[in-house]
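Going by mature numbering (1 follows the signal peptide of the UniProt record, and there is no 0), the letters in the sequence shown line up with residues -21 to -1, 1 to 111, in that order.
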Amino acid sequence: MKNLFKVAGIFLLTAFTIVSFYSCSRSDDPADNDFFAGTYKGNVSYKNNTNSTTINNANGSVFVTKIASGTRYNFTFSDKIPDLNGVEFEKKGDNTLVSIGANDTSYIRIDSNKLRIFYTKDGQTWTADCNR
């Protein structure tokens, strides 16, 4: 009986993973979906002024997720760059999301094809210029 539950659990986990990967195509728009997961590739960087850490990669990536109908997104960076989690967005125009509180010196913009980040917080700076 235990083996049956293990097999059923593995099957359900595998099915969920497959559905998750195929449900978010490249044409999915993060502004119009309750669930969103997508990888953007391009130039990423991070600087921490407190401990003098600097990371740059022209071939980096950012994995973006949004779960449920909320307005908060998570950004998982490559190259051991710290994640940005729970960033709140508002919709601008038809298909663009802009981080709440964005201005000329700190912003995150995302649409179905492009991710641009220049985000500062607590002496740390994240940047990204990536495409999907």
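We put the CB at the ideal spot given by N, CA and C, even for glycine.
- Distance from the CA of THR104 to the CA of ASN27, rounded to the nearest whole angstrom, comes to 7 Å.
- The residue among TYR98, CYS109, ILE79, ASN64 with its C-alpha nearest the C-alpha of ASP90 is CYS109.
- Around ASN35, the same chain offers SER24 as residues with beta carbons nearer than 7 Å, after the five sequence neighbours per side are excluded.
- Less than 8 Å divides the Cβ of LYS45 from the Cβ of PHE15.
- It is roughly 11 Å from the alpha-carbon of ASN(-19) to the alpha-carbon of ILE(-12).
- In the DSSP annotation of this structure, the continuous segment of the beta strand (DSSP E) that includes ILE34 starts and ends at 32 to 45.
- Burial state of SER31 is exposed, judged by a 10 Å Cβ sphere holding fewer than 16 other Cβ atoms.
- Judged by beta-carbon spacing, VAL43 lies within the 8 Å limit of GLY17, meaning their Cβ atoms are closer than that value.
- Take GLY102, set aside five residues on each side of it, and the residues of its chain with a beta-carbon closer than 6 Å to its own are ASN28, THR29, in chain order.
- In the structure shown, ILE(-12) falls within a helical segment according to DSSP collapsed to helix, strand and coil.
- Beyond the five residues adjoining it in sequence on each side, ARG111 comes within less than 8 Å, by CB distance, of ARG5, GLY17, THR18, TYR19, LYS20, SER91, ASN92, LYS93, LEU94 in the same chain, given in chain order.
- DSSP places ASN64 in the strand class (E or B) of the three-state scheme.
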